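Student:
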Amino acid sequence: VPRDPSCRETSEMAEFRAAAKASGIEISTHYNSPEYWTERYTNDKIQFDWLLRYASFRDVLLKYTTRSSYVLDAGCGSSRLGEDMIGDGFENVVGVDSCSVVIGDMRAKHAMTTGLSYEEKDAFTLDGIPDETVECVIAKAILDSLLCGEGGPENAAKLVAAARRVLKTGGVLVVVSLAPPQKRGSFF
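Counting from 106, one number per residue, gives the positions in the sequence shown under the working numbering.
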């Protein structure tokens with residue numbers, strides 16, 4: 106995908122691109138565009154997991170949550186995360202994404218899966234989710250995706266603020282990212 110000329114490359118973005126390329130991942134500066142995601146999920150119906158599958162970070166997640174925790178997967182896309190968590194005994198996983206196409210697909214695929222639901226919501230606001238009601242928000246690859254596009258740092262800050270708003274006291278925001286913690290720490 107060609108780069109958007111209006112998106113200035115920062116040193117952090119250059120490092121991220123290099124790490125992604127080394128992992129075989131193509132990066133687009135269009136990741137902040139709703140049109141990009143609508144087109145992608147309209148034309149590509151194959152489920153896709155960015156970065157890691159649940160099994161890769163399961164043990165870390167279980168240190169900070171229980172299987173009865175209310176878990177929100179922010180920017181879920183077509184990830185298998187929710188179904189993998191339900192398969193591992195989690196009882197209440199909600200995938201949220203602003204793309205109506207992928208939410209429709211995921212709802213249809215998992216209509217009969219108890220404990221797993223999908224909602225069309227903007228991860229920048231999480232409107233409709235009451236304050237301090239969620240025990241765990243998972244941001245798997247969404248922070249990296251946001252930082253690839255125009256307005257990346259501002260959008261990343263909005264995502265983190267929305268997660269903080271919905272998290273209960275003692276709740277946890279789990280960030281799965283290509284970048285080391287020192288590169289993402291400024292958003293927390």
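The beta-carbon is built from N, C-alpha and C at its ideal position, and this holds for glycine as well.
Just so you know, these numbers come straight off a predicted model, no measurement behind them.
Thinking just about the alpha-carbon of each residue, which of G194, T219, G233 and A123 is nearest to the one in V201?
Tutor: Among G194, T219, G233 and A123, the Cα nearest to that of V201 belongs to G233.
Student: Can you look up S205 in the DSSP assignment and give me helix, strand or coil?
Tutor: Note: S205 maps to helix in three-state DSSP.
Student: For I151, which three-state DSSP category applies?
Tutor: Correct three-state label for I151: coil.
Student: What does the alpha-carbon distance come out to for the pair V279 and A244?
Tutor: So the two alpha carbons sit approximately 6 angstroms from each other.
Student: Does A246 pass the burial test, meaning 16 or more other C-beta atoms within 10 Å, or should it be called exposed?
Tutor: The residue in question, A246, is buried, as its Cβ has 16 or more Cβ neighbours within 10 Å.
Student: According to DSSP, what are the bridge partners of E225?
Tutor: Note: E225 sits in a beta bridge opposite D202.
Student: Three-state secondary structure (DSSP) at D210?
Tutor: Helix.
Student: DSSP puts Y175 in a beta bridge; with which residues?
Tutor: Per DSSP, N197.
Student: When you compare each of K126, A160, L167 and Y175 to E237 by their alpha carbons, which one comes out closest?
Tutor: Taking only the C-alpha atoms, the option nearest E237 is Y175.
Student: Between which two residues does the beta strand (DSSP E) containing I243 stretch?
Tutor: Start and end: V239 to K245.
Student: Based on DSSP bridge pairs, tell me the residues matched to V277.
Tutor: Looking at the DSSP assignment, V277 forms a beta bridge with C241.
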